[in-house]
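Residue numbering for the sequence shown follows numbering that gives the first Met the number 0, beginning at 0 and increasing consecutively. Glycine included, every Cβ here is placed at the ideal spot set by N, Cα and C. Structure record follows, encoded as structure tokens.
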Amino acid sequence: MPKSPAMCRYSRRVLMLSIVYVVFLLPAVYLLSRHLVAGPLAYAVGVLPALPVAGFFVAIGAYLVEERDEYLRMLATRQSLIATGAAMVAATVWGFLEGFELLPHMVGYAWPIVWFAGLGLGTCVNVLIERRAA
């Protein structure tokens, strides 16, 4: 299936954000794990890898706004809703179990990873629904 112009723009954005993420993450891990920066600079370096991750969410939102094909927009919206539901349920369950000291602490940046995995789950749901309808 050919990609829509909006999907091509989205793919370029995600590729660029992925490169920026690696460029920010590797030095941040190196500098902060070795305590080579401190004070406000350490906070600035620590925030850098979060910026492109936030950009991924902006890119998805931009795609939903820019996509002119209603069907493709619906598929992406359903995929995002499934990802959001899965991540929020997982975070809630983990949070309660962690609060009751039944599970270890999970770092906050793990939840966007769960959300991105939820996009994969959303894709599978879309495929199953489409196969059932065919």
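Exposed unless 16 or more other CB atoms sit within 10 angstroms - verdict on residue i
| i | result |
| --- | --- |
| A37 | exposed |
Rounded C-alpha distance that separates residue i from residue j
| i | j | result |
| --- | --- | --- |
| V124 | Q78 | 8 Å |
| V64 | F55 | 14 Å |
| T83 | M6 | 20 Å |
| R11 | R67 | 18 Å |
| G107 | M87 | 12 Å |
| R72 | S17 | 23 Å |
| L40 | E97 | 31 Å |
| P4 | Y62 | 10 Å |
Local conformation of residue i per DSSP, three classes
| i | result |
| --- | --- |
| M6 | helix |
| L96 | helix |
| R33 | coil |
| E129 | helix |
| V106 | coil |
| R67 | coil |
| L101 | coil |
| L47 | coil |
Rounded distance between the beta-carbons of residue j and residue i, thought under 8 Å
| i | j | result |
| --- | --- | --- |
| I81 | L120 | 6 Å |
| V44 | A27 | 5 Å |
| P111 | V52 | 6 Å |
Residue nearest to residue i in terms of C-alpha spacing, selected from the options
| i | options | result |
| --- | --- | --- |
| Y20 | G94, L50, P4, A85 | L50 |
| A109 | E100, L101, F95, A89 | A89 |
| P103 | I112, V92, P111 | V92 |
| L47 | A61, K2, L31 | L31 |
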